[in-house]
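Which chain is which? The protein sequence lines are A and B, in order. For what it's worth, my numbering labels the leading residue of the first sequence as 26, then goes sequentially. For what it's worth, my numbering labels the leading residue of the second sequence as 26, then goes sequentially. Notes to accompany the following structure.
Number of protein chains: 2
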Amino acid sequence: MTNAHPDRPSRTTYRHGDLHHALLTAGLELARDGGPAAVVLREATRRAGVSPSAAYRHFADRRALLEAVCSAAQSGLANAIQDALDQLPAANDRAAAARAHLRAVGAGYVAFARAEPNLFRTAFSPSENLERAESPARAGRSGMTPFQLLNAALDDLVEAGELPRERRAGAEFLAWSAVHGLAMLAIDGPLRGLGPAQIRGVTERLLDMVHHGL
Amino acid sequence: MTNAHPDRPSRTTYRHGDLHHALLTAGLELARDGGPAAVVLREATRRAGVSPSAAYRHFADRRALLEAVCSAAQSGLANAIQDALDQLPAANDRAAAARAHLRAVGAGYVAFARAEPNLFRTAFSPSENLERAESPARAGRSGMTPFQLLNAALDDLVEAGELPRERRAGAEFLAWSAVHGLAMLAIDGPLRGLGPAQIRGVTERLLDMVHHGL
DNA sequence: GCGGCAATGTTAACACTGTAAACATTGGCG
DNA sequence: CGCCAATGTTTACAGTGTTAACATTGCCGC
């Protein structure tokens, strides 16, 4: 069981063609079912049908690959949030729409953590990481990173008159803290055992807390 | 630099005496300056002045050692919270005291994360972990785990009439989510660069949010 | 007291990892 | 068309977790 993809079509050309992309894809696959610790250089090269050292032509070291995978995972998170936003019904009440907007961001965040716990863990694994929360590599199809999607929702809340402008600054950290913490509890913590409906319930309550407390 | 403790007093007896404890201590030291990934069996045995395989007489595998270290780290977190509680001035206002009680738990939590980021990361690293949030091994000098200290604070809040009893159930998850998330942002996230005073400020604001939103 | 057993450590080995240096191949540019 | 830079391979080394076979010795029952 050392090789999940024993004999890949075993390319005939000497050059691979798009090894960088192949390694990233393999790494993402490894992360999806194994978390950050499972993204291993040699296994990635194996799946790409290439010798171990070949990876060093495209990534400085294992850490560099892991960070690329991590960015891809954050991009997936951004898409999950976007999914939640897309399902938002068109509302005529501006204020209610803004509130729903913020809630959808939180709900999408937690939903992704539950659907892809290993990718979620990977997205937030390496230190020196979250710092660049706005790197384009972390963006989803909307072109925005999870952090930016959250900020947009908060801005919307202000413009809708639902959040006093003087409380806007820093609010993203409060909201993010709450949602991120909940996501962690939901996949690794005491909330792990709960079913989807219950998780949704706790999430709603937490979003209430954020809304009232912000 | 493969061995930080080159020639330990190199015991004369064949038996070590308390290898289990020595390994755990070494593991904790490794975790303190290197995080969960740095707690490595062979290095721990080296520091204990013992051969690599000896560890297997006391821990099933590396994971088992890591989990023991993790419990110890949580115990440290419990003590940090207790420190914050101990510094609480004796108040005569029951309600204010209960509010301060909860805030102290949150503040101690974040303070520990900032003071010992690697231990904090270790405390919450292995999956299958937070589940047993009440294991005695995770308790601090008060005999309570971080989770139990939080619950006690919330109970106090109810008894002081500051939290409606019907909103008590599950409140621990909301409060924990917020504080835990903030702690993560403060050590690995965008809040990493902030100074102690600024972190205290954000923490206060977050605790306001929790208090108003609970 | 003492003999043997079970607990504890040691040695040696295996399979795996990341990484570097020297070498091989080849696409494309002058 | 020939050469060079980019890309991939081979080989090697140090480090890791883990196991099996062996060594030592504290302690418990006779």
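Idealized CB from N, CA, C, for every residue including glycine.
For residue i, which residues from the same chain have a beta carbon less than 8 Å from its beta carbon, with the 5 sequence-adjacent residues on both sides left out?
{"i": "residue 88(B)", "result": "151"}
{"i": "residue 219(A)", "result": "211, 227"}
{"i": "residue 176(B)", "result": "197"}
So, are the CB atoms of residue i and residue j less than 8 Å apart?
{"i": "residue 138(A)", "j": "residue 185(A)", "result": "no"}
{"i": "residue 80(B)", "j": "residue 53(B)", "result": "no"}
{"i": "residue 57(B)", "j": "residue 117(B)", "result": "no"}
{"i": "residue 170(A)", "j": "residue 187(A)", "result": "no"}
{"i": "residue 234(A)", "j": "residue 49(B)", "result": "no"}
{"i": "residue 202(B)", "j": "residue 210(A)", "result": "yes"}
{"i": "residue 239(A)", "j": "residue 194(A)", "result": "no"}
{"i": "residue 129(A)", "j": "residue 109(A)", "result": "yes"}
{"i": "residue 178(B)", "j": "residue 127(B)", "result": "yes"}
{"i": "residue 60(B)", "j": "residue 104(B)", "result": "no"}
Classify residue i: buried if its beta carbon has 16 or more other beta carbons within 10 angstroms, exposed otherwise.
{"i": "residue 92(B)", "result": "buried"}
{"i": "residue 71(B)", "result": "buried"}
{"i": "residue 46(B)", "result": "exposed"}
{"i": "residue 28(A)", "result": "Bear in mind that a pLDDT of 35 at residue 28(A), under 50, signals an unreliable position, so the number given afterwards is only what the model happens to contain. By the neighbour-count rule (16 or more Cβ atoms within 10 Å), residue 28(A) is not buried but exposed."}
{"i": "residue 134(B)", "result": "buried"}
{"i": "residue 37(A)", "result": "exposed"}
{"i": "residue 30(A)", "result": "Interpretation of residue 30(A) is limited by its pLDDT of 42, a score under 50 that renders its predicted location unreliable; no figure is taken from the coordinates."}
{"i": "residue 99(A)", "result": "buried"}
{"i": "residue 121(A)", "result": "exposed"}
{"i": "residue 221(B)", "result": "exposed"}
{"i": "residue 240(A)", "result": "The structure shown has nothing for residue 240(A), since chain A only spans 26 to 239."}
{"i": "residue 163(A)", "result": "buried"}
{"i": "residue 206(B)", "result": "buried"}
{"i": "residue 140(B)", "result": "exposed"}
In whole angstroms, what is the alpha-carbon distance linking residue i and residue j?
{"i": "residue 84(A)", "j": "residue 69(A)", "result": "12 Å"}
{"i": "residue 214(A)", "j": "residue 181(A)", "result": "32 Å"}
{"i": "residue 65(A)", "j": "residue 55(A)", "result": "8 Å"}
{"i": "residue 146(A)", "j": "residue 43(A)", "result": "27 Å"}
{"i": "residue 39(B)", "j": "residue 106(B)", "result": "41 Å"}
{"i": "residue 237(A)", "j": "residue 229(A)", "result": "12 Å"}
{"i": "residue 51(A)", "j": "residue 232(A)", "result": "36 Å"}
{"i": "residue 62(A)", "j": "residue 224(B)", "result": "30 Å"}
{"i": "residue 216(A)", "j": "residue 136(A)", "result": "14 Å"}
{"i": "residue 94(A)", "j": "residue 67(A)", "result": "15 Å"}
{"i": "residue 161(A)", "j": "residue 86(B)", "result": "40 Å"}
{"i": "residue 168(B)", "j": "residue 41(B)", "result": "29 Å"}
Which same chain residues end up closer than 7 Å to residue i when comparing Cβ atoms and leaving out the 5 residues on each side of it in sequence?
{"i": "residue 125(B)", "result": "113, 116"}
{"i": "residue 173(A)", "result": "159"}
{"i": "residue 76(B)", "result": "70"}
{"i": "residue 226(A)", "result": "none"}
{"i": "residue 190(B)", "result": "183"}
{"i": "residue 123(A)", "result": "181, 182, 185, 187"}
With a CB to CB cut of under 6 Å and the five nearest residues on each side skipped, what residues in its chain are close to residue i?
{"i": "residue 212(A)", "result": "138, 142"}
{"i": "residue 119(A)", "result": "185"}
{"i": "residue 204(B)", "result": "131, 134"}
{"i": "residue 26(A)", "result": "Note that residue 26(A) scores 35 on pLDDT, short of 50, meaning its location in the model is unreliable; the coordinates nonetheless yield the value given after this. So no residue of the chain qualifies."}
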